[in-house]
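Student:
Residue numbers (full-length UniProt numbering), protein chains in the order written: chain C, 1 to 450; chain B, 1 to 450.
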């Protein structure tokens with residue numbers, strides 16, 4: 001059995017061999033590794049050693065590595081292999097992996113690489129599908145059996161085909177036009193009489209998606225029905241590919257990361273381990289937009305400077321009220337964004353959600369408003385200040401809850417990603433409205449406050 | 001093939017039959033549904049009709065429903081079945097599903113239900129494992145073959161066993177002590193000569209987890225090696241169960257939801273669709289803690305009331321500076337929390353992360369400080385105010401970046417969940433420090449500002 005400690009020790013040995021340039025020994029050592037571990041080792045090596053090792057490894061092993069890396073790492077690996085050697089390596093990779101790799105290249109390089117590959121056309125076909133569509137991440141590696149053959153013929157065919165074990169999980173049954181009819185299980189093949197036709201033992205209750213379906217839809221079907229793979233069909237129902245659970249797990253993980261990151265204005269490719277200047281380019285633009293919205297709030301406060309200089313205690317409550325409403329609303333944004341993502345909330349639920357958050361806002365506003373009013377009283381010995389602070393907090397908290405629901409639902413309704421900057425708009429509104437309500441009522445009642 | 005529209009139409013018919021109490025017709029109609037869909041329908045029915053339908057359905061179908069629902073829905077379903085009928089229903093369910101159901105009951109009900117079940121002991125064994133451990137979510141439904149039998153014996157055994165297709169994906173090979181040795185694939189069985197011993201065709205490169213391993217670790221192994229199932233072994237390496245991709249997808253989704261929710265102080269069971277009073281109980285306590293930390297910040301501001309009344313423009317910049325530092329730091333918290341969750345960041349990386357965020361903070365502080373200083377100048381026509389505002393923003397942004405990294409890493413180091421309230425501590429610190437720096441330097445330079 002594989003052992004993590006053993007793998008780490010092997011990594012140390014491998015790094016030493018790479019450093020001293022003993023490539024033959026290194027290759028002998030690392031070819032015993034699982035490709036996922038080998039990919040990790042390769043990416044840990046300094047750039048020059050990495051390129052040298054990849055040069056010395058057999059192309060079929062290099063091809064396997066591509067299957068286990070993503071995004072930034074994938075680009076690093078492509079760079080180290082070199083565009084020149086890429087066609088030979090991709091020739092050994094699965095179609096969908098080759099398509100993923102080629103997608104990372106510049107347009108000219110894409111055409112060149114495809115032209116040099118024997119299977120270029122098949123791979124190019126996969127490139128036509130949207131990056132995040134079922135067609136874009138499906139694999140061609142499935143086993144399809146004609147419904148009119150017998151159980152014995154199917155077993156003989158599998159003996160000859162020798163599909164890798166991770167492809168033979170579901171055996172899909174198609175008609176003469178390659179239209180998906182259902183599945184048979186290995187079990188059914190083993191226990192049925194050899195002359196039975198497949199169509200007689202086909203389970204027809206199959207959930208498929210079309211090539212243009214969003215990858216998230218496929219993931220949801222897999223999850224709902226506890227499947228290990230979802231077949232992908234074209235508009236006519238012909239079987240085109242299959243999305244397996246391991247691909248869809250990656251999709252679900254990426255979508256979750258994306259939602260978390262976008263809520264705080266982060267690009268989904270950002271990493272705390274990225275180089276500083278890359279992070280500057282990725283993070284600063286959104287932060288500046290955010291700063292600009294804070295300036296907006298400042299312009300709201302500026303005309304009230306006179307009020308503030310007469311009742312400076314109000315300034316103490318500005319961040320409390322705006323901040324607390326912001327927090328209350330951010331919870332609602334998070335619940336709605338994630339609820340939409342996991343299918344718990346639908347657009348049609350908007351009225352239910354609004355009513356619920358209105359009720360919540362009233363209750364929570366009063367619960368949080370009382371201690372805030374008491375604090376105001378303690379700091380100023382002025383019941384009027386307590387009242388102003390209470391009113392502003394309750395009003396802003398209620399508004400925040402409603403906006404927290406409305407903003408992501410509205411963005412989704414308009415076809416956008418509800419996670420994008422939902423929180424930034426929310427806090428901008430809650431800041432501005434909180435300041436306006438607090439300083440506005442403060443100005444009206446200024447003679448009572450100062 | 002299953003069709004969503006057809007399913008929705010069937011739902012409408014089913015609801016009508018339930019409303020008019022035509023149970024025989026209803027049962028006939030819904031038994032054709034996939035259990036995932038049937039579970040959805042059952043949960044959509046009003047409570048009384050739900051209980052009546054469950055009463056009329058065969059127990060094996062009711063048992064299947066439990067496999068497709070979780071958490072709140074699971075509790076609803078248990079309530080509708082009734083504790084009295086539960087033992088009979090669970091008798092028909094998989095061990096791990098039965099254990100999940102029983103875990104939801106009160107301790108006395110648990111003992112009672114187990115005592116009434118024939119398989120009570122086996123299920124009770126699963127209950128000993130931690131809720132979030134591999135043992136706690138593994139299934140007993142695996143196929144184990146002794147390494148000393150021949151290929152023909154294995155095929156004969158499978159014919160007799162007739163394992164459901166979703167169990168026969170990996171065929172695990174064990175020795176005479178039931179210690180896991182590796183896997184064989186159906187393909188290898190089909191293509192090997194009948195007399196070959198299994199030990200000769202066993203693939204030994206298997207990644208297993210122990211029963212006490214965290215469920216997340218199992219999910220990470222599944223994801224890293226693109227597997228469809230991970231075997232679970234005890235301390236002696238004996239095969240105890242298997243975690244399949246569909247279970248681990250649920251784990252990954254829940255963990256992602258948990259991280260997103262905990263970052264903003266939400267309980268992972270919260271839903272925007274939950275009843276108001278439930279949400280009040282779940283959300284308000286954390287919000288009040290949050291409010292208390294805002295009060296802390298207010299106590300920092302209060303002593304500076306005199307400064308504010310002399311230079312009220314400073315009040316305009318309080319929310320800008322504290323808010324912007326909070327946003328900058330929240331991005332870092334999010335990156336570190338998610339990075340730790342998906343294994344991209346490790347505790348050992350702390351120095352790299354701190355250095356990186358220090359550099360980022362200096363660069364971004366200056367970039368964001370310049371327009372803020374200009375705004376200060378425009379509002380006050382006083383270069384000193386521009387300088388005070390610039391300095392406070394740069395300092396607070398740098399501190400925020402460092403704290404954004406330190407807080408989740410420190411919580412993780414101390415054995416806590418880095419997602420819990422990372423953001424609340426961050427914004428408390430950035431608020432307090434931002435106000436202190438701004439109003440402190442403002443007080444020192446008050447003669448230049450007013």
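Glycine included, each C-beta is placed from N, C-alpha and C at the ideal position.
Given residue 225/C, which residues of its chain have a CB within under 8 Å of its CB, disregarding the five upstream and five downstream residues?
Tutor: On the first chain, residue 225/C is found 225 positions in, with the first residue counted as 1. So the list reads 207, once near-sequence residues are dropped.
Student: Among 435/B, 102/B and 50/B, which one has its Cα closest to the Cα of residue 323/B?
Tutor: Within the second chain, residue 323/B is the residue found at index 323, counting from 1. Minimum Cα distance to residue 323/B is reached at 435/B.
Student: Looking at chain B, is there any beta carbon in it that lies within less than 8 Å of the beta carbon of residue 154/C?
Tutor: Locating residue 154/C in the first chain gives position 154, where the first residue counts as 1. Not closer than 8 Å to any Cβ of chain B, the Cβ of residue 154/C fails to qualify, so no.
Student: Determine the burial state of residue 159/B: buried for a count of at least 16 other Cβ atoms within 10 Å of its Cβ, exposed for fewer.
Tutor: What you label residue 159/B is simply residue 159 of the second chain in a count that begins at 1. Flag for residue 159/B reads exposed.
Student: Residue 347/C: buried (16+ other C-beta within 10 angstroms of its C-beta) or exposed?
Tutor: Position 347 of the first chain holds residue 347/C. That one is exposed.
Student: How long is the line joining the alpha carbons of residue 374/C and residue 446/C, rounded to whole angstroms?
Tutor: Indexing the first chain from 1 puts residue 374/C at position 374. Indexing the first chain from 1 puts residue 446/C at position 446. The alpha-carbon separation between residue 374/C and residue 446/C amounts to approximately 19 Å.
Student: Span of the alpha helix (DSSP H) holding residue 128/C?
Tutor: One-based indexing of the first chain puts residue 128/C at position 128. Careful: residue 128/C lies outside any alpha helix (DSSP H) and carries neither H nor E.
Student: Say whether chain C places a C-beta atom closer than 8 Å to the C-beta of residue 56/B.
Tutor: Stepping through the second chain from its first residue, residue 56/B is reached at position 56. For residue 56/B, the answer is no, since every Cβ of chain C falls outside 8 Å of its Cβ.
Student: Note down, in chain order, all residues in the segment 303–330 of chain C with a beta-carbon under 8 Å from any beta-carbon belonging to chain B.
Tutor: 305, 306, 308, 309, 310, 312, 313, 315, 316, 317, 318, 319, 320, 322, 323, 324, 327, 328 and 330
Student: Output yes or no for whether 8 Å exceeds the beta carbon distance between residue 304/B and residue 439/B.
Tutor: In the second chain, counting from the first residue as 1, residue 304/B sits at position 304. In the second chain, counting from the first residue as 1, residue 439/B sits at position 439. Cβ distance < 8 Å, so residue 304/B and residue 439/B count as in contact.
Student: Can you confirm whether residue 135/C, when its beta carbon is compared against all beta carbons of chain B, has any partner nearer than 8 Å?
Tutor: Walking along the first chain from the start, residue 135/C turns up at place 135. Closer than 8 Å: no.
Student: One question on the structure: do residue 397/B and residue 368/B come within less than 8 Å of each other, judged by their Cβ atoms?
Tutor: Numbered from its first residue, the second chain carries residue 397/B at position 397. Numbered from its first residue, the second chain carries residue 368/B at position 368. Taking 8 Å as the Cβ cut-off, residue 397/B and residue 368/B qualify as a contacting pair.
Student: Taking the alpha carbon of residue 84/C as the reference point, which residue from 407/C, 51/C and 408/C has its own alpha carbon closest?
Tutor: Within the first chain, the letter at position 84 stands for residue 84/C. Ranking 407/C, 51/C and 408/C by Cα distance to residue 84/C puts 51/C first.
Student: Would the beta-carbon of residue 343/B fall within 8 Å of that of residue 402/B?
Tutor: For the purposes of this step, residue 343/B is taken as residue 343 along the second chain, with counting starting at 1. For the purposes of this step, residue 402/B is taken as residue 402 along the second chain, with counting starting at 1. No; because the gap between Cβ atoms is not below 8 Å, this pair is not in contact.
Student: Rounded to the nearest angstrom, what separates residue 430/B and residue 420/B at their Cα positions?
Tutor: Start at 1 with the first residue of the second chain, and residue 430/B comes out as number 430. Start at 1 with the first residue of the second chain, and residue 420/B comes out as number 420. Roughly 18 Å between the two C-alpha positions.
Student: Do you know how far the Cα of residue 196/C is from the Cα of residue 336/C?
Tutor: Mapped onto the first chain, residue 336/C falls at position 336. Mapped onto the first chain, residue 196/C falls at position 196. Going by the C-alpha atoms only, they are around 51 Å apart.
Student: For a cutoff of 8 Å on Cβ pairs, would you count residue 92/B as touching chain C?
Tutor: Along the second chain, one-based indexing puts residue 92/B at 92. Closer than 8 Å: no.
Student: Who does residue 231/C pair with in a DSSP beta bridge?
Tutor: Counted from its first residue, the first chain places residue 231/C at position 231. In the DSSP output, where bridge partners are listed per residue, residue 231/C has 242/C.
Student: Helix, strand or coil, according to DSSP, for residue 68/C in the structure here?
Tutor: Locating residue 68/C in the first chain gives position 68, counting from the first residue. Coil at residue 68/C, not helix or strand.
Student: Using DSSP's beta-bridge definition, name the partner residues of residue 214/B.
Tutor: For the purposes of this step, residue 214/B is taken as residue 214 along the second chain, with counting starting at 1. Note: residue 214/B sits in a beta bridge opposite 133/B.
Student: With a cut-off of 8 Å, do at least 3 Cβ pairs link the segment 173–185 of chain C to the segment 107–121 of chain C?
Tutor: no
Student: For residue 331/C, count the other beta carbons within 10 Å of its own beta carbon; 16 or more makes it buried, fewer makes it exposed. Which is it?
Tutor: Here residue 331/C is taken as the residue at index 331 of the first chain, counted from 1. Answer is buried; the Cβ neighbour count reaches 16.
Student: From which residue to which residue does the beta strand (DSSP E) around residue 180/C run?
Tutor: In the first chain, counting from the first residue as 1, residue 180/C sits at position 180. That run of the beta strand (DSSP E) goes 180–184.
Student: Using only alpha-carbon positions, find the residue among 23/C, 130/C, 18/C and 36/C that is nearest to residue 7/C.
Tutor: Here residue 7/C corresponds to residue number 7 of the first chain, with the count starting at 1. Selected option, being the one with the closest Cα: 36/C.
Student: Could you give the first and the last residue of the continuous beta strand (DSSP E) run that contains residue 146/B?
Tutor: Taking the second chain and counting its residues from 1, one reaches residue 146/B at position 146. 143–146 is the span of the beta strand (DSSP E), which, as asked, contains residue 146/B.
Student: For residue 53/B and residue 42/B, which I take to be in contact (beta-carbon distance under 8 Å), what is that distance rounded to the nearest angstrom?
Tutor: As a working mapping, residue 53/B is identified with position 53 in the second chain. As a working mapping, residue 42/B is identified with position 42 in the second chain. Yes, residue 53/B and residue 42/B are in contact; Cβ-Cβ is about 6 Å, under 8 Å.
Student: Distance check for residue 250/C and residue 298/B, CA to CA, integer angstroms please.
Tutor: Walking along the second chain from the start, residue 298/B turns up at place 298. Walking along the first chain from the start, residue 250/C turns up at place 250. Between the alpha carbons of residue 298/B and residue 250/C lies a gap of roughly 45 Å.
Student: Comparing alpha-carbon positions, which option in 222/B, 232/B and 233/B lies nearest residue 228/C?
Tutor: Within the first chain, numbered from 1, the residue matching residue 228/C stands at position 228. It is 222/B.
Student: Just by C-beta distance, which residues in the segment 339–359 of chain B are closer than 8 Å to chain C?
Tutor: 339, 342, 344, 345, 349, 352, 353, 356, 357 and 359
Student: Does residue 204/B pass the burial test, meaning 16 or more other C-beta atoms within 10 Å, or should it be called exposed?
Tutor: Here the question's residue 204/B lines up with position 204 in the second chain. Exposed, by the Cβ-count rule.
Student: Under a three-way DSSP split, which group does residue 174/B fall into?
Tutor: Here residue 174/B refers to the residue found at position 174 when the second chain is read from its first residue. Reduced to three states, the DSSP call for residue 174/B is strand.
Student: Distance check for residue 256/B and residue 90/B, CA to CA, integer angstroms please.
Tutor: In the second chain, the residue the question calls residue 90/B occupies position 90. In the second chain, the residue the question calls residue 256/B occupies position 256. Between residue 90/B and residue 256/B, the C-alpha separation is close to 30 Å.
Student: Just reading off the alpha helix (DSSP H) that residue 285/C is part of, what are its end residues?
Tutor: Along the first chain, one-based indexing puts residue 285/C at 285. 276–301 is the extent of the alpha helix (DSSP H) around residue 285/C.
Student: For residue 239/B, which of 189/B, 248/B and 145/B has the nearest alpha-carbon?
Tutor: On the second chain, residue 239/B is found 239 positions in, with the first residue counted as 1. Of the candidates 189/B, 248/B and 145/B, the residue whose Cα lies closest to the Cα of residue 239/B is 145/B.
Student: With burial defined as no fewer than 16 other Cβ atoms inside 10 Å of the residue's Cβ, what is the status of residue 292/C: buried or exposed?
Tutor: Here residue 292/C refers to the residue found at position 292 when the first chain is read from its first residue. Exposed, by the Cβ-count rule.
Student: DSSP state of residue 104/B, grouped into three classes?
Tutor: Translated into the one-based positions of the second chain, residue 104/B becomes position 104. DSSP places residue 104/B in coil when its eight states are reduced to three.
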